[in-house]
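Chemist: For what it's worth, our numbering labels the leading residue of the sequence shown as 88, then goes sequentially.
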Amino acid sequence: MLKNRLIKKRLVLIYSAIFAVIALPVAGLLYDSYLHMQDESKAEWAMHATQVLKMANNRIKDDLAIENKRSFMEYRFIKVAKTISAGEQPTYSDLALNFPVTSCNSDSSKLDYCSQYAGLIGHFQIDPDGVFSTPYLPAGALGQVQLENKDIRESFQNRLKFIVRDMGIKNKGTAATLDTSKTAGESSNALDQLANEVDLSKSKNRKKRMRVERTSEQEQFAFNVESAKMDTSGLYRIFPYVGTMDIAIESFQAELNRQYIVFYRNVLRGEENFVQGFVVDLREYLRSIVDLEVGDYANEDNHLALKFTYKGDLVSFGIDTRFAVKVFEENLAEPLNAITMSVYVDKSVQEAGGNGQIISNGQLLFLIGGIMFLLLGGGLISIYRLTQSQLDLAQKRQDFISAVSHELKTPLTTIKMRAEILQTSYQKMDDAKRKRSFDQIASESDRLTRLIQNVLDLSKIDGNRWVANIRKDWPKAVLDDFVTMYTKNIEDHGFSLTVSCDSDIDRVQLMMDRDAVMQILTNLVDNSLKFSKNADYKMIIIEMKTEGDHVYLAVRDYGPGIPPSEMKKVFQEFYRVENEMTRTTKGTGIGLSMVKKLCALSNMKIEIENANPGLRTKIHFPPMV
Numbered sequence: 088m089l090k091n092r093l094i095k096k097r098l099v100l101i102y103s104a105i106f107a108v109i110a111l112p113v114a115g116l117l118y119d120s121y122l123h124m125q126d127e128s129k130a131e132w133a134m135h136a137t138q139v140l141k142m143a144n145n146r147i148k149d150d151l152a153i154e155n156k157r158s159f160m161e162y163r164f165i166k167v168a169k170t171i172s173a174g175e176q177p178t179y180s181d182l183a184l185n186f187p188v189t190s191c192n193s194d195s196s197k198l199d200y201c202s203q204y205a206g207l208i209g210h211f212q213i214d215p216d217g218v219f220s221t222p223y224l225p226a227g228a229l230g231q232v233q234l235e236n237k238d239i240r241e242s243f244q245n246r247l248k249f250i251v252r253d254m255g256i257k258n259k260g261t262a263a264t265l266d267t268s269k270t271a272g273e274s275s276n277a278l279d280q281l282a283n284e285v286d287l288s289k290s291k292n293r294k295k296r297m298r299v300e301r302t303s304e305q306e307q308f309a310f311n312v313e314s315a316k317m318d319t320s321g322l323y324r325i326f327p328y329v330g331t332m333d334i335a336i337e338s339f340q341a342e343l344n345r346q347y348i349v350f351y352r353n354v355l356r357g358e359e360n361f362v363q364g365f366v367v368d369l370r371e372y373l374r375s376i377v378d379l380e381v382g383d384y385a386n387e388d389n390h391l392a393l394k395f396t397y398k399g400d401l402v403s404f405g406i407d408t409r410f411a412v413k414v415f416e417e418n419l420a421e422p423l424n425a426i427t428m429s430v431y432v433d434k435s436v437q438e439a440g441g442n443g444q445i446i447s448n449g450q451l452l453f454l455i456g457g458i459m460f461l462l463l464g465g466g467l468i469s470i471y472r473l474t475q476s477q478l479d480l481a482q483k484r485q486d487f488i489s490a491v492s493h494e495l496k497t498p499l500t501t502i503k504m505r506a507e508i509l510q511t512s513y514q515k516m517d518d519a520k521r522k523r524s525f526d527q528i529a530s531e532s533d534r535l536t537r538l539i540q541n542v543l544d545l546s547k548i549d550g551n552r553w554v555a556n557i558r559k560d561w562p563k564a565v566l567d568d569f570v571t572m573y574t575k576n577i578e579d580h581g582f583s584l585t586v587s588c589d590s591d592i593d594r595v596q597l598m599m600d601r602d603a604v605m606q607i608l609t610n611l612v613d614n615s616l617k618f619s620k621n622a623d624y625k626m627i628i629i630e631m632k633t634e635g636d637h638v639y640l641a642v643r644d645y646g647p648g649i650p651p652s653e654m655k656k657v658f659q660e661f662y663r664v665e666n667e668m669t670r671t672t673k674g675t676g677i678g679l680s681m682v683k684k685l686c687a688l689s690n691m692k693i694e695i696e697n698a699n700p701g702l703r704t705k706i707h708f709p710p711m712v
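Below, the structure written as structure tokens:
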């Protein structure tokens, strides 16, 4: 037994080691696969986010391309337009017409002019002397023009002025002289000179970001009218300008805070530097550059979030980013490169690798891993239990061999001893002693026969060689035959036998196997004789009674019974409550095991219960016919 326990402990260690050797690499592989899936999923979403960024940058580029084409003169209240009949004539600039400032949308179709910029606040210009103006309010010699909503326009201009100055945008003064008498090729050289002399940007690509606009004499005159300054006499001095002039115009730059974006450009007119630009509402404008993307973000099925940040969060669209994973982060293109665009994906969708999946890739992977570990663990546990059961069975067989050897040795020793006594002392013995010796030899021979028969029967049952001979028979007659045959053996053991039957049991016929019933009764009574030898009441009771539509046979003794913890084990093959080293009761441990097998082969059921004192074993016959 001690050896078996040591073997079982070793088996536990061996199977645990096998599990660890297999499970740890598999777990590592699954985790690596999970990380790979995460990376692939993140890469897919990052690719999507890259397209969104590209779309946003293209929108900014397109917006600024439109504004870059806007003439230097458009930032004034008046401009000069070419007509077919009258040539160049002064008229209102497009920006002057867009007041109050309106962004183009579905409701703006009736307006004469609207802006393509969402969230547009307005356009402005800062002259070389720092004077702030807008195209919505005439300046210079035109400043005395009466307008119906002039006070509103002035208030609006003051608002723009406050925003621009709050951003720190100022005119940095005059630039080097651009000789307008030069040819177009010479003008290009002048641009190179300007790029080297004027510190308006640190970019090495300054030349590429400049364009030249040639203004006519009429345009120069209109510009001078609106730029005229009042002299000491209260009159405006308008300086005529003869000839054309090349205007060098830079591409747009941007300054921003958490409310507004100010796009502005430097314009070089001769020695003068002008700052022109426009102001947009930051949140509305950012929304507009990704409107095609965020239009779907309000859907219930959306799993994305898009966020713009600049010194903190500016604006976000879609799901709550607190419950999402960041898959992309990149700055917008110039001039808004100070703004960072981030894309987030819902954690479950990011793990799933896409929308519409019932179970995420990560969950599927962990499910597969869990099933693998369960199968591996279950398989090893099953193998361990099978090995353990084989060890237990081997131990029981060994105990059985020991028990059979002991059981065979005892009657053989008794028979040999009595035979030797008869051989040496037969003449000296009286008839009573001779009879007692012969009876003991016969009793031990019967015991030996039953033991051998049990072993043979068990071998037949286990080898499927037992042939059940089930036919109609009288159960009471079978019981009577057993009582007649076995009463003497019971009495020889110092027990009394009591048989109790229902009055009508003689008329009952059942489908039964007579030999199996006899063998069952023999084993049950033998068990009672063995385990009740020290009982206070040496009595065995056999009952045969009807219960509903069936008959049961019960054998009851007054022995110690069976501990409740052992009830389910007593039917196991070779099982004994006592082990072979400490047992005090005769037997081989196959009695109840064989009884249960015979019952199963004969369509009967066995039931055991403690009778306090003693044990009661019931055999239920098939229903009556």
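Don't be surprised by glycine CBs; every beta carbon is placed ideally from N, CA and C.
When the Cα atoms are used, what is the spatial distance from residue 151 to residue 339?
Modeler: Locating residue 151 in the sequence shown gives position 64, where the first residue counts as 1. Locating residue 339 in the sequence shown gives position 252, where the first residue counts as 1. If I take the Cα positions, the gap works out to 7 Å.
Chemist: Would you mind stating whether residue 611 and residue 682 have Cβ atoms separated by less than 8 Å?
Modeler: Locating residue 611 in the sequence shown gives position 524, where the first residue counts as 1. Locating residue 682 in the sequence shown gives position 595, where the first residue counts as 1. Yes, Cβ-Cβ distance for residue 611 and residue 682 is below 8 Å.
Chemist: How is the alpha helix (DSSP H) around residue 564 delimited, first residue to last?
Modeler: Sequence index remark: in the sequence shown, residue 564 carries index 477 (1-based). Counting along the chain, the alpha helix (DSSP H) containing residue 564 begins and ends at 562 to 579.
Chemist: Write down the C-beta distance between residue 604 and residue 565 rounded to the nearest angstrom, noting that I regard them as a contact closer than 8 Å.
Modeler: What you label residue 604 is simply residue 517 of the sequence shown in a count that begins at 1. What you label residue 565 is simply residue 478 of the sequence shown in a count that begins at 1. Right, their Cβ atoms sit about 5 Å apart.
Chemist: Any heavy atom of the ligand SAH inside 7 Å of the beta-carbon of residue 365?
Modeler: With respect to the ligand SAH, the structure offers nothing, as it holds no ligand at all.
Chemist: When you compare only the Cα positions, how much space is there between residue 667 and residue 644?
Modeler: The residue labelled residue 667 in the question sits at position 580 within the sequence shown. The residue labelled residue 644 in the question sits at position 557 within the sequence shown. Any reading at residue 667 needs caution, since the residue's pLDDT is 41, under 50, leaving its predicted position unreliable; the model's value is listed next. Counting only the Cα atoms, residue 644 lies some 24 Å from residue 667.
Chemist: Can you look up residue 639 in the DSSP assignment and give me helix, strand or coil?
Modeler: Position 552 of the sequence shown, counting from 1, holds the residue named residue 639. In the structure shown, residue 639 adopts extended strand secondary structure according to DSSP, grouped into three states.
Chemist: Cα-Cα, which of 571, 223, 145 is closest to residue 165?
Modeler: Taking the first residue of the sequence shown as position 1, residue 165 is located at position 78. Among 571, 223, 145, the Cα nearest to that of residue 165 belongs to 223.
Chemist: Is the beta carbon of residue 651 sitting closer than 8 Å to the one on residue 618?
Modeler: Position 564 of the sequence shown holds residue 651. Position 531 of the sequence shown holds residue 618. Not in contact: residue 651 and residue 618 (Cβ atoms no closer than 8 Å).
Chemist: Taking 6 Å as the limit between beta carbons, can you name the residues of its chain near residue 401, skipping five residues before and five after?
Modeler: Position 314 of the sequence shown, counting from 1, holds the residue named residue 401. Cβ neighbours of residue 401 beyond the five flanking positions: 395.
Chemist: List the endpoints of the continuous alpha helix (DSSP H) containing residue 525.
Modeler: One-based indexing of the sequence shown puts residue 525 at position 438. Here the alpha helix (DSSP H) through residue 525 covers 518 to 549.
Chemist: Apart from the five residues just before and just after residue 408, which ones in its own chain have a Cβ nearer than 7 Å to its Cβ?
Modeler: Locating residue 408 in the sequence shown gives position 321, counting from the first residue. For residue 408, where only same-chain residues beyond five positions count, the Cβ hits under 7 Å are 392, 394, 431.
Chemist: Count the other C-beta atoms from every protein chain shown that fall within 10 angstroms of the C-beta of residue 678, then say buried if there are 16 or more, exposed otherwise.
Modeler: Your numbering for residue 678 matches position 591 in the sequence shown. With 16 or more other Cβ atoms within 10 Å, it is buried.
Chemist: Identify every residue that forms a DSSP beta bridge with residue 468.
Modeler: As a first step, residue 468 must be located in the sequence shown, where it is residue number 381. DSSP lists no partner for residue 468.
Chemist: Please classify residue 114 as buried or exposed, where buried requires at least 16 other C-beta atoms within 10 Å of its C-beta.
Modeler: Against the sequence shown, residue 114 aligns to sequence position 27. So residue 114 ends up on the exposed side.
Chemist: Rounded to a whole number of angstroms, what is the C-alpha to C-alpha distance between residue 475 and residue 549?
Modeler: Residue mapping note: residue 475 aligns to position 388 of the sequence shown, counting from 1. Residue mapping note: residue 549 aligns to position 462 of the sequence shown, counting from 1. So the alpha carbons of these two residues sit roughly 21 Å apart.
Chemist: For the segment 331 to 350 against the segment 409 to 422, are there 3 or more C-beta pairs whose distance is under 8 Å?
Modeler: Yes: at least three Cβ pairs fall under 8 Å.
Chemist: In chain order, what residues of the same chain lie with their CB nearer than 7 Å to the CB of residue 106, ignoring the 5 residues before and after it?
Modeler: What you label residue 106 is simply residue 19 of the sequence shown in a count that begins at 1. Cβ within range, chain order: 463, 464, 467.
Chemist: If you draw a straight line from the C-alpha of residue 211 to the C-alpha of residue 345, how long is it?
Modeler: As a first step, residue 211 must be located in the sequence shown, where it is residue number 124. As a first step, residue 345 must be located in the sequence shown, where it is residue number 258. One alpha carbon belongs to residue 211, the other to residue 345, and they sit about 20 Å apart.
Chemist: Can the beta-carbon of residue 627 be found less than 8 Å from the beta-carbon of residue 697?
Modeler: For the purposes of this step, residue 627 is identified with residue 540 of the sequence shown, where counting begins at 1. For the purposes of this step, residue 697 is identified with residue 610 of the sequence shown, where counting begins at 1. No, Cβ-Cβ distance for residue 627 and residue 697 is not below 8 Å.
Chemist: Figure out for me which residue from 139, 574, 473 has the closest Cα to the Cα of residue 429.
Modeler: The residue given as residue 429 occupies position 342 in the sequence shown. Selected option, being the one with the closest Cα: 139.
Chemist: Got a sec? Which residues, its chain only, sit under 8 Å from residue 622 by beta carbon, not counting five neighbours each side?
Modeler: Stepping through the sequence shown from its first residue, residue 622 is reached at position 535. Excluding residues within five positions, the ones whose Cβ falls inside 8 Å are 644, 645, 646, 647, 700, 701.
Chemist: Taking all protein chains shown into account, decide if residue 522 is buried (16 or more other Cβ within 10 angstroms of its Cβ) or exposed.
Modeler: Here residue 522 refers to the residue found at position 435 of the sequence shown. Classification for residue 522: exposed.
Chemist: Buried or exposed, going by whether 16 or more other CB atoms sit within 10 Å of the CB of residue 348?
Modeler: Taking the sequence shown and counting its residues from 1, the one referred to as residue 348 is at position 261. By the beta-carbon neighbour count (other beta carbons within 10 angstroms, threshold 16), residue 348 is buried.
Chemist: Once you ignore the five residues that flank residue 547 on each side, which residues in its own chain have a CB closer than 7 Å to its CB?
Modeler: Here residue 547 corresponds to residue number 460 of the sequence shown, with the count starting at 1. Contacts found: 553.
Chemist: Just list the residues that DSSP pairs residue 364 with in beta bridges.
Modeler: Stepping through the sequence shown from its first residue, residue 364 is reached at position 277. DSSP lists 211, 351 as partners of residue 364.
Chemist: Look up residue 102 in the DSSP assignment and say whether it is helix, strand or coil.
Modeler: As a first step, residue 102 must be located in the sequence shown, where it is residue number 15. Here residue 102 sits in helix by DSSP.
Chemist: Taking residue 159 and residue 334 to be in contact with their CB atoms under 8 Å, please state how far apart those CB atoms are, rounded to whole angstroms.
Modeler: One-based indexing of the sequence shown puts residue 159 at position 72. One-based indexing of the sequence shown puts residue 334 at position 247. Yes, they are in contact, since the Cβ atoms of residue 159 and residue 334 sit about 5 Å apart, within 8 Å.
Chemist: Within the chosen definition, does the segment 243 to 262 reach the segment 347 to 364 through at least 3 CB pairs nearer than 8 Å?
Modeler: yes
Chemist: From the DSSP output, which residues share a beta bridge with residue 372?
Modeler: The sequence position of residue 372 within the sequence shown is 285, counting from 1. Looking at the DSSP assignment, residue 372 forms no beta bridge with any residue, so it has no partner.
Chemist: Would you list the residues sitting across from residue 629 in a DSSP beta bridge?
Modeler: Taking the sequence shown and counting its residues from 1, one reaches residue 629 at position 542. DSSP output for residue 629 lists 586, 642 as bridge partner(s).
Chemist: Let me know the secondary structure DSSP gives residue 678 once reduced to three states.
Modeler: Your numbering for residue 678 matches position 591 in the sequence shown. Here residue 678 sits in helix by DSSP.
Chemist: Spell out the partners DSSP gives residue 693 in its beta bridges.
Modeler: In the sequence shown, the residue the question calls residue 693 occupies position 606. Residue 693 is bridged to 706.
Chemist: Taking residue 560 as the reference, give the member of 602, 538, 581, 470 with the closest Cα.
Modeler: The residue labelled residue 560 in the question sits at position 473 within the sequence shown. A check of alpha carbon separations from residue 560 across 602, 538, 581, 470 identifies 602 as the nearest.
Chemist: When the Cα of residue 373 is compared with those of 528, 205, 568, which residue comes out closest?
Modeler: On the sequence shown, position 286 is the one that residue 373 refers to. For the residues 528, 205, 568, the minimum Cα distance to residue 373 belongs to 205.
Chemist: Thinking C-beta only, is residue 562 closer than 8 Å to residue 599?
Modeler: Position 512 of the sequence shown, counted from the start, is the residue given in the question as residue 599. Position 475 of the sequence shown, counted from the start, is the residue given in the question as residue 562. Yes, the pair counts as a contact, with Cβ atoms nearer than the cut-off.
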